[in-house]
Ligand SMILES: CC(C)(COP(=O)(O)OP(=O)(O)OC[C@H]1O[C@@H](n2cnc3c(N)ncnc32)[C@H](O)[C@@H]1OP(=O)(O)O)[C@@H](O)C(=O)NCCC(=O)NCCS
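Numbering (the numbering used here), first residue to last: 18 to 183.
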């Protein structure tokens, strides 16, 4: 994972991105993909309590991330990067953008749920400083557990963490 996403641009999502986002959803999540209606619903709430960002390369949409904002809390809704572009830092950029927005919107804690078998997503979230809170057993339809994670504002990153000596 050494290449840099130098040609990647980020911009806030707009409702007309829904169609392209759905194509990516289907590629990545198959039967668990959000339907066009679910994506429209998310994007219809952009000025209410959602913020979505899209990543583009050469004018093509290659990923997106979204967050539900309910200060002081926020929930990561999704982070998704097309398979061809995975491993090149785009997911990290998208996640950083949604985290920044949450802090700007006066949130102090960000939560998320991720499949326990999704090593890439767990790695991404942990590298951004999210810590595991617990498991929801057999949360997903196929019996896989959900891992609940949380990031607090100003939480030390894993690299700067020191043992708690009470
Ligand atoms: C999870 C996902 C968004 C990561 O995006 P990405 O652009 O591939 O990730 P990046 O290249 O920005 O990697 C950032 C960090 O994530 C972690 N990571 C990424 N891919 C990983 C993998 N396959 N295994 C373990 N950790 C991984 C690493 O910590 C990585 O940092 P590093 O490059 O310094 O090692 C992407 O794999 C994806 O879209 N997956 C399918 C959709 C999905 O499962 N979304 C999350 C649940 S909603």
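For each residue, glycine too, the CB sits at the ideal point set by N, CA and C. No experiment lies behind these values; they were computed from the predicted model shown.
Next on the checklist: Tell me which residues share the same chain as residue 28 and place their Cβ nearer than 8 Å to its Cβ, disregarding the 5 neighbours each side in the sequence.
Outcome noted: 70, 71, 73.
Quick check on residue 182: does DSSP put it in helix, strand or coil?
Because residue 182 carries a pLDDT of 40, less than 50, the predicted location of this residue cannot be relied on, and the following value inherits that uncertainty. Residue 182: coil per DSSP, three-state reduction.
Check: Closer than 6 Å from C-beta to any heavy atom of ligand 1: which residues, in chain order?
Finding: Working through the chain, the matches are 18, 45, 95, 96, 97, 98, 103, 104, 105, 106, 107, 108, 109, 131, 135, 136, 137, 138, 140, 141, 144.
Grouping DSSP H, G and I as helix and E and B as strand, with all else coil, what is residue 68?
-> The DSSP-derived three-state label of residue 68 is strand.
Checklist entry - Which of the three DSSP states, helix, strand or coil, is assigned to residue 4? => result The question about residue 4 has no answer here: the residues shown for the chain are numbered 18 through 183.
Segment contact flag, the region 138-158 with the region 119-126, C-beta cutoff 8 Å, min 3 pairs = The region 119-126 and the region 138-158 do not touch, with fewer than three beta-carbon pairs separated by less than 8 Å.
Identify whether residue 31 lies in helix, strand or coil by the three-state DSSP scheme.
-> The answer is coil: DSSP assigns residue 31 none of H, G, I, E or B.
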